[in-house]
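Data block below; observations after.
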Amino acid sequence: MTSTTNTAPPAAAREGNRAAWLVTDGMEPRNVIVAVSLGIGFAQHNPLTGFLWALEAILFAAVLPMTFIKYGMRKGMWADRHIGQRQRRMILIPVIMALVATGIGGMLWFDAPTAMVALVVAMLATLVVLLPVTAFWKISVHTAVAGGALAMLALTWGPLVWLGYPLVAVIAWSRISLGDHTLAQTIAGAAAGTVTSGLVFAVLTT
């Protein structure tokens, strides 16, 4: 496992591997969650309603978790928003699970479209799979979220979406290149996210 110090990566280190940092930062889970939520939201029978439910999903699965991450950074709980230390992820993941579960509760209460509920339930299911693994091994959340997002988008928009799967490999490369994960950890993350999110989403939308 690669651990981090209590300081952010120095500017020289970021510049030395600029492409990897751009991919890691640009394709972080928060941004992927925003994209998949909007993608599934606009696929609904009423795109406007779908968009509004996508905003709810984004609030509980991306905005509030990132708010907590930034709070942790200010308090010195972790060095940056990617949470390099595996043990610190054991603090973060349950918090995100609670936030996502709250979002699901709101969707069920206000009768959200089935696909939107399935989207967020699939996110929660993926976290349920990742949490116990993270207790002893630093499985990649980046590739898990990206793989799961592509699976759900493919089930929504059609199999041509799978042509975008090499993007997951690019994300994996960035995480490996920065020393945050091994090849096995990125492959395991991609597999866990793709299979878990894909299966849960498929079952709930059938």
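If you want the working numbering, it's the position in the sequence shown, counting the first as 1, plus 41.
Glycine included, every Cβ here is placed at the ideal spot set by N, Cα and C.
Note that this is a predicted model, so its numbers are computed, not measured.
First through last residue of the alpha helix (DSSP H) which encompasses residue i
| i | result |
| --- | --- |
| Ile212 | Pro207 to Ser218 |
| Ala153 | No alpha helix (DSSP H) contains Ala153, which DSSP labels as neither H nor E. |
| Glu97 | Pro88 to Ile99 |
| Val77 | Pro70 to Gly82 |
| Met118 | Counting along the chain, Met118 falls outside any alpha helix (DSSP H), and DSSP gives it neither H nor E. |
| Ile228 | Leu224 to Thr246 |
| Val104 | Counting along the chain, Val104 falls outside any alpha helix (DSSP H), and DSSP gives it neither H nor E. |
CA-to-CA distance, residue j to residue i, given in whole angstroms
| i | j | result |
| --- | --- | --- |
| Leu201 | Ala195 | 7 Å |
| Trp94 | Thr184 | 25 Å |
| Ala61 | Arg71 | 17 Å |
| Leu224 | Thr235 | 17 Å |
| Pro173 | Ala232 | 15 Å |
| Val182 | Val209 | 11 Å |
| Met114 | Ala153 | 34 Å |
| Trp198 | Gly188 | 15 Å |
| Thr43 | Gly125 | Because Thr43 sits at a pLDDT of 35, beneath the cut-off of 50, its placement in the model cannot be relied upon, and the following sentence gives the value as read from the coordinates. Each residue's alpha carbon lies about 7 Å from the other. |
| Leu168 | Met131 | 11 Å |
| Gly220 | Val158 | 35 Å |
| Pro207 | Thr90 | 31 Å |
| Met164 | Phe242 | 9 Å |
| Gly230 | Arg127 | 14 Å |
| Tyr112 | Val73 | 21 Å |
| Ile134 | Thr175 | 9 Å |
| Val244 | Asp66 | 32 Å |
| Lys179 | His222 | 7 Å |
| Pro106 | Leu191 | 21 Å |
Pair within 9 Å by beta-carbon distance, residue i and residue j
| i | j | result |
| --- | --- | --- |
| Val162 | Ile145 | yes |
| Arg166 | Ser238 | Per the sequence shown, the amino acid found at residue 166 is Ala instead of Arg. Cβ atoms of Ala166 and Ser238: closer than 9 Å. |
| Met68 | Ile228 | no |
| Thr108 | Thr246 | no |
| Val141 | Phe101 | yes |
| Leu160 | Met193 | yes |
| Ile110 | Val75 | no |
| Gly82 | Leu96 | yes |
| Ser218 | Asn58 | yes |
(message) Please give the ranges of any alpha helix (DSSP H) in the stretch 127 to 204, keeping only runs that are unbroken, at least 4 residues long and fully inside the region.
(response) List check, alpha helix (DSSP H) in window: 127 to 150, 155 to 175 and 182 to 198.
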